[in-house]
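Here is the structure we will look at.
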Amino acid sequence: MADINLLQNKLKDTTQTSSRRTSIFATISGLILLLLVGACVGLYFLTKDVKQKTESLMATNIDLKRQLNNQKQGLADAKAFQAQLSNIKLLLEHHISLSAVFDELGKFTYQRAQYVTLDVGEDSSRAHLEGRVTTYNDLGKLLLGLSLSPKFKDVRLLSISPSRDNLQGYAFVIDMNIVPDLFVSK
Numbered sequence: 001m002a003d004i005n006l007l008q009n010k011l012k013d014t015t016q017t018s019s020r021r022t023s024i025f026a027t028i029s030g031l032i033l034l035l036l037v038g039a040c041v042g043l044y045f046l047t048k049d050v051k052q053k054t055e056s057l058m059a060t061n062i063d064l065k066r067q068l069n070n071q072k073q074g075l076a077d078a079k080a081f082q083a084q085l086s087n088i089k090l091l092l093e094h095h096i097s098l099s100a101v102f103d104e105l106g107k108f109t110y111q112r113a114q115y116v117t118l119d120v121g122e123d124s125s126r127a128h129l130e131g132r133v134t135t136y137n138d139l140g141k142l143l144l145g146l147s148l149s150p151k152f153k154d155v156r157l158l159s160i161s162p163s164r165d166n167l168q169g170y171a172f173v174i175d176m177n178i179v180p181d182l183f184v185s186k
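For the sequence shown, UniProt numbering gives the first residue as 1, with consecutive numbering after it.
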């Protein structure tokens, strides 16, 4: 007896088209899976490379910060040194050397005269002298001696008065011009 197939419509299609569709689906699925695995591996290595670069940059950054801190200390020292040089320059520009003035006063001063005050003007050409002498003759000799100096000009007696300190003699005040070359250190 012949077999009758009642499930003929429900059987699996084993034709060539069906097998080709299955093969294409499996190939595409495999390719997608292969691409996903490749992408994951690529991202893993990319992440690892970025992490190494970040660590390298962090180490470089720390080294640069150390160098910057060292240079800041050096910069602070340099600024302090620069300020000191500026102060020295200012002092040297406004420095007045009085040694030569005292030597010249010593050469042309009458020995019995005593100086109490010597004021030199800021422009270094005017001098104001105050002191004591015992007699009028001593004062005359002092004025004559100062007038003979080539470094002292316009020697003028401003005032003379009896001494107030229970000392015998006279207090005097003299103004004069001093040649500016005398203030230059040689």
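Every residue, glycine too, gets a C-beta built ideally from N, C-alpha and C.
I'd like to know whether the C-beta atoms of residue i and residue j end up nearer to each other than 8 Å.
| i | j | result |
| --- | --- | --- |
| Gly148 | Ile174 | Inspection of the sequence shows that residue 148 is occupied by Leu rather than by Gly. The answer is no: Cβ separation not under 8 Å. |
| Phe108 | Gly140 | no |
Quick one: Cα of residue i to Cα of residue j, how far?
| i | j | result |
| --- | --- | --- |
| Ile28 | Ser19 | 14 Å |
| Asp63 | Ser23 | 60 Å |
| Lys153 | Leu143 | 11 Å |
| Val179 | Ala171 | 26 Å |
| Gln21 | Ile32 | Per the sequence presented here, residue 21 reads as Arg, with Gln not at that position. Each residue's Cα considered, the two are about 16 Å apart. |
| Ala2 | Phe25 | 38 Å |
| Asp181 | Gln84 | 28 Å |
| Thr60 | Asn70 | 15 Å |
| Lys51 | Gly74 | 35 Å |
| Asp119 | Ala76 | 40 Å |
| Ile88 | Ser99 | 20 Å |
Does the CB of residue i have a neighbour CB from chain D at under 8 Å?
| i | result |
| --- | --- |
| Thr135 | Any reference to chain D falls outside this structure, which holds one protein chain only. |
Figure out for me which residue from the options has the closest Cα to the Cα of residue i.
| i | options | result |
| --- | --- | --- |
| His128 | Ala80, Thr117, Lys51 and Gln16 | Thr117 |
| Gly169 | Gly145, Arg112 and Arg126 | Arg112 |
| Gly121 | Asn177, Thr17, Ser86 and Thr134 | Asn177 |
| Val155 | Arg126, Leu90, Thr134 and Asp138 | Arg126 |
**Cβ contact check for the segment 72-86 and the segment 130-142: 3 or more pairs under 8 Å** = no
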